[in-house]
Amino acid sequence: MGVYDSTLTSKGQTTIPAEIREALNLKPGDKIRYVISGDRVYLRVKNGRLADLAGFLGRPPNDQSLGIEEVDDAIMDAVAEDDARIVREWRDGSK
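Here is the structure:
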């Protein structure tokens with residue numbers, strides 16, 4: 001794990017160190033979310049594309065067709081589980 005410092009300007013701006021930008025594949029215009037947990041702040045990169053979600057849910061059981069509400073529910077469940085995992089990892093310091 002690397003530790004990197006940055007300075008806050010009088011306008012509340014800072015530069016993300018090059019090593020972090022490279023590790024997270026950050027590009028100009030990418031969205032960054034700040035998550036506060038106790039006395040810690042985490043950055044979450046929001047630069048994914050919709051096409052990256054292809055196959056995210058896997059195949060439906062028994063290759064059955066699902067209605068839009070069932071698909072929406074499955075997506076929300078998967079996103080909630082992933083978000084909970086990420087928060088756990090951040091809290092535990094494992095990532």
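Take 1 as the starting number for the sequence shown in the UniProt record's numbering and just add one per residue.
A virtual CB, placed ideally from N, CA and C, is assigned to each residue, including glycine.
- Contact annotation, L26 with V45: C-beta distance approximately 6 Å; criterion of less than 8 Å satisfied.
- Per DSSP, the beta-bridge partners of V45 are I32.
- Looking from the CA of R88, the closest CA among V35, S6, I20 and D30 belongs to V35.
- Contact annotation: W90 and S6 have beta-carbon atoms that are not nearer than 8 Å.
- Taking 8 Å as the cut-off, the Cβ atoms of G2 and E19 count as close.
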